[in-house]
């Protein structure tokens, strides 16, 4: 109890306290000009309206601790030649929300193509020295560098768009070059920084980390610049603990880069981890680690110690044909420790050099071939009957494909119907037609299903939903017995059901080993308080006479809704497997589901879907959008999804991920679509009546199904046969089992090759007399540095150049001379060969052969080497009596152009008229070979007329003769034809 004296003393203090209020008030300050800033920063909420910052002035915002700053309009900066910055934010624990509005630096008024070397330009445009969050901002046309940071307290930058795309074009001051230059997206020299879910289009590094630790750069998209870079690293700095995760880099000079200055000393770079990044269209280098900056691949310095570079998961890098895939240029002793490059897959260009010292555990030659072939087709485009379409489903019926979807004015509107199109064996899609419609009732989520494609291939079932809102859905089915041409009247799947929908909700029905049909199902309920609750389950139609009419609903997948972020899980996608249990092996059923917690969720069943484990999160991110998984015959799983975290995030990019361990871990297999969302995107608007979306850059609700192209296909190549006898035996075996068999020579199916053959046949260069072709690829120098067990040196693995490199030159001899009409498919009459054999194992490290085609009086001079590379300017040269046809060799299996040179007169060193022919080859061009396989399989053919097995056997006969002449012998156990 207080005494009266104490109480009096306390009361006497009150007037003094009330008379001195805190300078920071819980009020809202508004900024409509720089004059308003001083008063606005006295408040904990600061709103910024549209206005123009006077030229030569910094918009300096020193926000009070814990303040919330809202950008409510666009801010434009006046133009003046001065140092900058244009905007600077300071403060502790600041929440900055741009609400999709723009800071416009008017860089187009400054750009001269010279960047920092030209006229004075304010930079950086945005100096962020606060901690907290900075999000949902568009920064447009920065004069030079865009963002830099000046505080190592924790800061997260998210959903920022850096749009300097206008700088790609030349202007009146840039002398024909891109006007924008040195327009780095994010320059980082601080620690504890996360940059995520952002988009950069610029003309320099998307990210440049110059120093700092605990830096995360994840789920960002970089376009048009120099890629993602650690560096340039100067003297006496440390960079450590950097994570580059799940980014998409497109059309940049470089993909992933580490650059340190040649003159730098006393610096360390360590713990750089790349995981799940997708890089496409690199013009110069896919991955480059270079210690000679500012030179590129010059003399490296030794003053920066670089260690612990890791590529984990799958980093897929595809470069242009003229680019280098990987370059490592380290100074002596400056690159150390264990480098793990197991998660790096690079393709498309030529291999670079690995100049390293002291690295262990690395992969010196990380180039691998991308595993997926992506071919895109549009089924419907700009159809006024269905301005919007969604939720496609696919099924293979005999040798064609059916696709269905719902379409109409907008999702949830009464005019939305179920549409169908058919793809014939020639790859043409039919005009879409309506197969399910009821006036005034909206239709949803069709699912196509063929219950028994082997015994009843023409039976197709189509499930779909009707009604609105979603919690009142009903499920219907119609059936076709003639492959989708005619359909039965509709019937309710479960008569009188009022639960919100039964049967498949989005993804394919699967048939279990016991004959049951199992579908992934879900319900969406809205509670009286407005909260949505989503749950998943399975609907099962057991094998037996009532299959298709009797459906058994499993219990809901167990989950803790009270502690689960958002609504829950819906739209399961299913697969069956065999798993190990305490009692041995058992059949298991699994599901992946869409979820609201930012991750794909999973549940498992050991009783054919009757009961399920509690739902748990997987390693796959999810944006609360649909996904689909299928199991291939080899046991691997393919999941098509948006690799984006956060509920209602952007529905792009769309990727295919692959798992070899029953869905425990996943690798990025292919990027199907990667167009970034529009700059004004803030989230998907989800209502009970459907999604509200403008459809821009939305790639969602995929369906993936196995087709004949995912089944094992016989391949004849040097990996399977080492002599002609084996090739002949394999042909006989394939025929006896009625299996398709074809040699894997993808170049054979390029349009370029067909065009070459047509020009040679036309006589444009006269009678063909000589062909030169070479392929040299040093695997190591000296050769002795490779162990004798290496596949290129081991006789037990058919090592040497003859079965690895020589087939490329031989291919060009056969498609030119052997295929000439005048030759009438006559094999070479004489073969003369010489080889340099490796002294330790007896395989060839260099081989040269002359093939004489006496029927047409022509020769082919062919060579291969493990010792020296084919010169950069080397070509495939076809010589005729009137001129030459020249195919640039690099890359040898993926030529993109050739030249016809017709001599102006018949004499040595005569001038010639040259015609160039160029061919666009998306990716590796493997899909042309895949198309030929698909064509043969669709027609029931077991051999390709364009790549006949007899021609493959001829190639093996030629290799056998060369081996005989030069004395190459392999162990008897790999020579056997039985």
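In mature numbering (1 follows the signal peptide of the UniProt record, and there is no 0), the protein residues as written are -19 to -1, 1 to 959. Positions of the beta carbon are idealized from the N, C-alpha and C atoms, including for glycine.
Cutting at 6 angstroms between CB atoms, please list the residues of its own chain near residue 297, excluding the five before and the five after it. Cβ within range, chain order: 259, 326 and 649.
Rank 556, 592 and 604 by C-alpha distance to the C-alpha of residue 616 and give the top, closest one. Nearest to residue 616 by C-alpha distance, out of 556, 592 and 604, is 556.
Mapping DSSP to helix, strand and coil, what is residue 727? Here residue 727 carries a helix assignment [DSSP, helix/strand/coil].
Just to confirm the assignment, what range does the beta strand (DSSP E) spanning residue 327 have? Per DSSP, residue 327 belongs to the beta strand (DSSP E) from 325 to 328.
Assuming contact is defined by CB atoms lying nearer than 9 angstroms, are residue 506 and residue 438 in contact in what I supplied? Against a cut-off of 9 angstroms, the Cβ pair of residue 438 and residue 506 comes out as no contact.
Can residue 526 and residue 538 be called in contact, C-beta distance under 9 angstroms? With respect to the 9 angstroms criterion, residue 526 and residue 538 are not classified as neighbours on the basis of their beta carbons.
Does DSSP put residue 841 in a helix, in a strand, or in coil? Strand at residue 841.
On the DSSP bridge assignment, give the partners of residue 222 in chain order. None, per the DSSP bridge assignment.
By the 10 Å Cβ neighbour count, where 16 or more other Cβ atoms means buried, how is residue 669 classified, buried or exposed? Here the model assigns residue 669 a pLDDT of 49, short of 50, so the residue's position is not dependable and the matter cannot be decided.
Whole-angstrom C-beta distance between residue 652 and residue 965, which should lie under 8 angstroms: The shown model of the chain, from -19 to 959, leaves out residue 965, and the question about it has no answer.
Return the CA-CA distance between residue 127 and residue 744, expressed in angstroms with no decimal places. Residue 127 and residue 744: Cα-Cα distance of roughly 58 angstroms.
Going by Cα to Cα distance, which pick from 483, 489 and 882 is closest to residue 960? As shown, the chain starts at -19 and ends at 959. That puts residue 960 outside it, with no answer to give.
Taking just the CA atoms, how far does residue 224 sit from residue 463? One alpha carbon belongs to residue 463, the other to residue 224, and they sit about 54 angstroms apart.
Using a Cβ-Cβ cutoff of less than 7 angstroms, which residues in the same chain neighbour residue 21 once the five nearest sequence positions on both sides are dropped? When the five nearest sequence neighbours on each side are left out, the beta carbons in the same chain lying within less than 7 angstroms of the beta carbon of residue 21 are those of 10, 11, 12 and 27, in order along the chain.
Residue of 155, 197 and 120 minimising C-alpha distance to residue 136: Closest option to residue 136, Cα to Cα, is 197.
Buried or exposed for residue 392, going by 16 or more other Cβ atoms inside 10 Å? The Cβ neighbour count for residue 392, taken over all protein chains shown within 10 Å, is at least 16; the residue is labelled buried.
Residue from 550, 576, 63 and 588 with nearest C-alpha to residue 562: Nearest option by C-alpha distance: 588.
Take residue 943 and list the residues in its own chain whose beta-carbon comes closer than 6 angstroms to its own, dropping the five residues that flank it on each side. Around residue 943: 814 and 830.
Cβ of residue 574 within 9 angstroms of Cβ of residue 513? Not closer than 9 angstroms, so no.
Determine which residues share a DSSP beta bridge with residue 611 and list them. Under the DSSP definition of a beta bridge, residue 611 partners with 619.
Among 66, 772 and 793, which residue has its Cα nearest to the Cα of residue 784? Taking only the C-alpha atoms, the option nearest residue 784 is 772.
Shortest alpha-carbon distance to residue 36 belongs to which of 499, 64 and 47? Of 499, 64 and 47, the smallest CA-CA separation from residue 36 is found for 64.
State yes or no: is the C-beta of residue 742 within less than 9 angstroms of the C-beta of residue 798? Contact flag unset, no.
Spatial neighbours of residue 457 within its chain, please: C-beta separation below 8 angstroms, excluding the five flanking residues on both sides. These residues qualify, in order along the chain: 417, 444, 445, 446, 447, 471, 472, 473 and 474.
Between the beta-carbon of residue 865 and the beta-carbon of residue 746, is there less than 9 angstroms? It is a contact, given that the beta carbons lie within the stated cut-off.
Where does residue 797 fall in DSSP's three states? Reduced to three states, the DSSP call for residue 797 is helix.
Let me know if residue 311 comes out buried or exposed under the rule of 16 or more other beta-carbons within 10 Å of its beta-carbon. The residue in question, residue 311, is buried, as its Cβ has 16 or more Cβ neighbours within 10 Å.
Note the first and the last residue of the continuous alpha helix (DSSP H) segment covering residue 642. First-last for residue 642: undefined, no H or E at that position.
Nearest candidate by alpha-carbon position, reference residue 101, set 90, 954, 606 and 23: Relative to the Cα of residue 101, the nearest Cα in the group 90, 954, 606 and 23 belongs to 90.
Neighbour-count burial assignment, residue 94, 16 or more Cβ in a 10 Å radius: By the 10 Å Cβ count, residue 94 comes out buried.
Counting C-beta neighbours from all protein chains within 10 Å, is the total for residue 531 16 or more, i.e. buried, or is it exposed? Answer is exposed; the Cβ neighbour count stays below 16.
Nearest CA to the CA of residue 751: which residue from 795, 732 and 34? Closest option to residue 751, Cα to Cα, is 795.
Rounding to the nearest angstrom, what Cα-Cα distance links residue 713 and residue 719 in this structure? The alpha-carbon atoms of residue 713 and residue 719 are separated by roughly 10 angstroms.
Contact defined as beta carbons within less than 8 angstroms: I believe residue 837 pairs with residue 803. What is the distance between those atoms, to the nearest angstrom? In this structure, residue 837 and residue 803 form a Cβ contact; the two beta carbons are roughly 5 angstroms apart against a cut-off of 8 angstroms.
Near residue 927, what residues of its chain come up, given a Cβ to Cβ distance below 8 angstroms and the 5 sequence neighbours on each side ignored? Short of 8 angstroms from the beta carbon of residue 927, and not among the five residues preceding or following it, lie these beta carbons of its own chain, in chain order: 729, 730 and 913.
Residue range of the beta strand (DSSP E) that includes residue 712: Boundaries for residue 712: no beta strand (DSSP E) harbours it, while the alpha helix (DSSP H) harbouring it runs 705 to 717, taken from the DSSP string.
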